[in-house]
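Student: 243 is the number of the first residue of the sequence shown in my numbering; add one for each residue after it.
Don't be surprised by glycine CBs; every beta carbon is placed ideally from N, CA and C.
Below is one structure. I have some questions about it.
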Amino acid sequence: MVKVISRKDTHTFKSRPANVLFMKLEPKIKQKRWDKDLEKQIWNKWQKEKLFKFDKDSKKPLFAIDTPPPYVNTPIHVGHAYTYVWQDIMARSKRMLGYSVLYPMGLDKNGLPIEVQAEKVYKINMHETPRQEFIKLCKNMIEKSGDQSLDSFKKLGLSCNEWDLKYKIGGRYDTDDSEYRRLTQETFIDLWKKDLIYEDLKPTNYCYVCGTAIANAEVEYQERSAQLNHVKFNVKETGEEIVIATTRPELLCTCKVVLYHPEDERYKHLEGKTAIVPMFGTEVKIIPHPAAKIEFGSGLVMICSFGDFTDIRTLRELDLKPTYAISTKGKMTDIAGNYEGMKIKEARKQIIEDLKQQNLIVKQETIQQRSPICWRSKTPIEFVALKEFYLKQVDYIDDLKKMSNKMKFFAPESKQILMDWINSISIDWVLSRRRYYGTEIPLWYCEDCGYIYVPEKGKYYQSWKDPCPIKKCPKCGGEKWKGEERTFDTWFDSSSSEAYVMGYLWDKEFFKKNMPCSMRPQGKEIVRCWLYYTILKSMHLYGIPPFKHCWIHMHIVDEKGKKMSKSIGNVIDPQEILKKYGAESFRIWSCLEGNITKGDIRCSFERIEGNSKFLTKFWNVTRFISMFPEPKENVELTDTDKWILDELNLLVERTKKNYENYEFSVIAEDIRNFVWNTFASHYVEMVKTRAYGEGFTKEEQQSAWYTLHQVMRNILKILSPITPFITDYIWQELYSEDSICKESYPELEWKNGIEKLSEKLLEFNSKVWKSKKDQGLSMKSEIKVTIPDELKVFEKDLVRMHNLK
Ligand SMILES: [Zn+2]
Ligand SMILES: [Zn+2]
């Protein structure tokens, strides 16, 4: 790459030298600057010509993107705008590189956020509203939502295959479409038949606010302050008083065992003795166990069913039968005795008071605790016993790792996020949810014998209201059926997006031929759910990894590096950016600012405006070139022209390689550097006079014209995936009636070996400019400088350029 040595003064191409009397030169590009309002017109033309339509019978190799369907309850934020633009650059560059590109647009319309919003909007409670009615309200409410997101995506210039047409490969989709839900159900039926799904009663994460079981992948952690109570217990055999610290005294009634660390000298004498639980009088064993921490509280710990993950693990390990003191309504059960019917917090308050009254609390202190919370409602989760459906995953950890190792990650280090998650898996995936607006679990139960009927594939079932597809129970002949009422975890829908996109429902042959899907672009925070679950299902169902490439992105932050949030007031709305600067400024900014797979990206209006200066520069260069006609016949090239074409050749090769590796920020930087610092600052300055014709032969002038246009043609092409509007506009003004979107990536053959002089040449020019400046001369002034021998090939142009004596 050429070292950056640029001319510091800003030169313009507005006027030609006064002494040149020549043909009338008018820029073919009339507009003085790029007008962002042209974007809409260009967009409409693309749509009218159906340029990005997917042809599933194409002979070209396939590049398929499993576009993340954005959730429709909020408009897209600037992080979406950035990452969707990068996905579009993937699509556009792959098209140029000879691929048939499957690039569908989907919207996520399933699940809890929609239900919660409906409850707010209509002031209702889901569980108290008839199901049919509730679903209808949800549907009505979200009918139009998503339109604003789609509008932003269109304005950003995304080249998705379809915006309206559905139910076909490349079609747009909503995750609450009956076809999408049919696919979710079909995957369930297949997994069921493979014996990978089972129902079991076990402690499950439960969110009272959401009213449903949730998977470990949906659990977040938050530092919360909690009150640690040091409670007196009695040792039955010796009457000795021991103290156990707990933040959950309301769970005393479920205490199963008391632990001390095996190396804790203070308690070794208690081994095998019995502790009497205060208030309840229950007797439990005291044993040494590594789950107790010497430094926490008194060093003694009670294991309840269930206060936290340690409780669950320890009880399972010690094979102790749990009891459940908390109901799914978030209230104490009869196990809690006097506290039955109280809400958890109430019960805690009351039991602390009672313990105090009986002088059973020695000490209270406030501690900071890492507490599990629900990632949607951000409220603490509890553990309750529920009979739920599970998908097997614990037994497949090694296979999951093998699958994951077959996929290539961008950036490579993001694979570790996935591996860490896989390594942490300790229970199977709880699939069932007690919600309404989701895909129904398609099962019917015989009311006489309990036989479970799994329906045939090929149809979307609503088992809670549809009659069972068969009349008689195959086992007992009974005719009374009860449909399953639960729905799936919405990630169970989302984790089949790649199969939906790849046409699993409509063209099995296409699916088989083209899986794995080429690309999954997504955020790092959903690696443990969206990406992980997709791998899990693909492994179970098709025996292959779902993707070839995974592109994992970090976040957009404000210019100081802070997370954007409404409360701080530092949120940047993409709609505002689009209104103010248009898509092209945003798109070039998104690349020049850096690669979001490698770290957070800082964003501000100033940064977008600053980076878009390149577009102004580019426009000016283009207008200058557009003054000159493009020679049609063969031209004899001068060495100066061969030099810049050599450089162009290298640029095209580098950018091609970088497009293949999604290094769009490197590409934008490279093209900007070439256009601004090599082409405009040096080459154009060298050939300006020649292009105007003064003192040169007609052949030499033609060579300059030819070269200027060759460079422009190719820069337009290689820049077009990043800034498609401006490049297509110029392309059609200057070179073609057809869109630049139909062009292939350039394959150039300029290898004259002159590019090795680049560094010397640029150094020489900079030296001359500097010495004029040092001597207080104008750039046009005559100066005496000797041209080094190796640069003699450029002599004629250099003499004119610098006005050398
Ligand atoms: Zn919740
Ligand atoms: Zn039966």
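Give, in chain order, every unbroken run of the alpha helix (DSSP H) that is at least 4 residues long and sits entirely within the region 786-850.
Tutor: Complete alpha helix (DSSP H) runs here, min 4: 816-834.
Student: Locate the alpha helix (DSSP H) running through S668, then write down its first and last residues.
Tutor: Neither: S668 is in no alpha helix (DSSP H) and is coded neither H nor E.
Student: I need the straight-line Cα distance from H1044 to S923, nearest angstrom please.
Tutor: If you take the alpha carbons of H1044 and S923, they lie about 13 angstroms apart.
Student: Identify which residue in L354, K282 and L400 has its Cα closest to the Cα of D330.
Tutor: For the residues L354, K282 and L400, the minimum Cα distance to D330 belongs to L400.
Student: Terminal residues of the continuous beta strand (DSSP E) containing I439?
Tutor: Unbroken beta strand (DSSP E) run through I439: I439 to C449.
Student: Is the Cβ-Cβ distance between G541 and L493 less than 7 angstroms?
Tutor: Contact flag unset, no.
Student: For S420, report the span of its alpha helix (DSSP H) as first-last.
Tutor: From DSSP, the alpha helix (DSSP H) with S420 extends over S420 to K435.
Student: Output the distance between the C-alpha atoms of P622 and K573, rounded to the nearest integer angstrom.
Tutor: Using only the alpha carbons, I get a separation of about 14 angstroms.
Student: In its own chain, which residues sit with a C-beta less than 7 angstroms from the C-beta of K1038, not counting the 5 before and 5 after it?
Tutor: Excluding sequence neighbours, K1038 sits near nothing in its chain.
Student: In whole angstroms, what is the alpha-carbon distance linking L263 and K1047?
Tutor: Below a pLDDT of 50, predicted positions are generally treated as unreliable, and L263, at 42, falls in that range; no measurement from the model is reported.
Student: Are the region 331-343 and the region 369-389 in contact at 8 angstroms, needing three or more beta carbon pairs?
Tutor: The region 331-343 is not in contact with the region 369-389.
Student: What residue range is occupied by the uninterrupted alpha helix (DSSP H) comprising T316?
Tutor: No alpha helix (DSSP H) holds T316; DSSP gives it neither H nor E.
Student: Using 8 angstroms as the threshold, is the region 755-763 in touch with the region 292-312, meaning 3 or more CB pairs across them?
Tutor: Verdict: yes, contact present.
Student: Rounded to whole angstroms, what is the Cα-Cα separation between R675 and L293?
Tutor: Each residue's alpha carbon lies about 42 angstroms from the other.
Student: Count Cβ pairs between the region 966-974 and the region 857-869 that sit closer than 8 angstroms; are there 3 or more?
Tutor: Short answer: they touch.
Student: By Cβ distance, which residues of its chain are closer than 8 angstroms to V586, with the 5 residues on each side in sequence left out?
Tutor: Before going on, a small fix: residue 586 reads as Ile here, not Val. Closer than 8 angstroms at the Cβ level, and outside the excluded window around I586, lie E492, I568, G572, K573, M574 and E624.
Student: Counting Cβ pairs closer than 8 angstroms, one from the region 350-364 and one from the region 970-989, do we hit at least three?
Tutor: Flag = no, the region 350-364 and the region 970-989 do not touch.
Student: Which of the three DSSP states is assigned to L392 in this structure?
Tutor: If DSSP states are grouped into helix, strand and coil, L392 belongs with the helices.
Student: In whole angstroms, give me the CA-to-CA distance for E726 and P709.
Tutor: Roughly 11 angstroms separates the two Cα atoms.
Student: Beta carbon of I609, beta carbon of L470: below 7 angstroms?
Tutor: Contact flag set, yes.
Student: Who are the near neighbours of W733 in its chain, counting only those whose CB is closer than 6 angstroms to its CB and skipping five residues on each side?
Tutor: Closer than 6 angstroms at the Cβ level, and outside the excluded window around W733, lie C771 and Y775.
Student: Do A825 and K287 come within 7 angstroms of each other at the CB atom, strictly closer than that value?
Tutor: In this structure, A825 does not lie closer than 7 angstroms to K287 by Cβ.
Student: The alpha helix (DSSP H) spanning T958 covers which residue range?
Tutor: Checking the sequence shown, residue 958 turns out to be Leu, not Thr. Start and end: K940 to L961.
Student: By the three-class DSSP mapping on this structure, what secondary structure does I694 have?
Tutor: In this structure, I694 counts as strand in the three-state DSSP scheme.
Student: Let me know the secondary structure DSSP gives C771 once reduced to three states.
Tutor: Reduced to three states, the DSSP call for C771 is helix.
Student: Using DSSP with H/G/I as helix, E/B as strand and the rest coil, what is N1007?
Tutor: N1007 falls in the helix class under three-state DSSP.
Student: Who are the near neighbours of K805 in its chain, counting only those whose CB is closer than 8 angstroms to its CB and skipping five residues on each side?
Tutor: Hits under 8 angstroms: H797 and V799.
Student: W723 bridges to which residues according to DSSP?
Tutor: Partner(s): C688.
Student: Of all Cβ atoms in chain D, is any one closer than 7 angstroms to the Cβ of Q374?
Tutor: In the structure shown, chain D cannot be found, because there is only a single protein chain.
Student: Between L950, V451, Y409 and M584, which lies nearest to P873 when the distance is taken from Cα to Cα?
Tutor: The shortest Cα separation from P873 among L950, V451, Y409 and M584 belongs to L950.
Student: Which same chain residues end up closer than 8 angstroms to K717 when comparing Cβ atoms and leaving out the 5 residues on each side of it in sequence?
Tutor: Same-chain partners within the cutoff: C688, C691 and Y693.
Student: In terms of alpha-carbon separation, which member of P788, E895 and V926 lies closest to F756?
Tutor: In the sequence as presented, Phe is not what sits at residue 756; that position holds Asn. Nearest C-alpha to N756: P788.
Student: Look at the alpha carbon of R829 and the alpha carbon of Q1017, and state the distance between them as a whole number of angstroms.
Tutor: Going from the Cα of R829 to the Cα of Q1017 covers about 42 angstroms.
Student: Output the residue ranges of the alpha helix (DSSP H) runs that lie fully inside the region 698-758 and measure 4 residues or longer, sorted by chain position.
Tutor: Those alpha helix (DSSP H) runs which fall completely within the region 698-758 and span 4+ residues are 732-736, 739-743 and 750-756.
Student: Would D279 be called buried (16 or more neighbouring beta carbons within 10 Å of its own) or exposed?
Tutor: Exposed.
Student: Can we count C710 as close to ligand 2, meaning its CB is less than 6 angstroms from some heavy atom?
Tutor: Result no, Cβ not under 6 angstroms from ligand 2.
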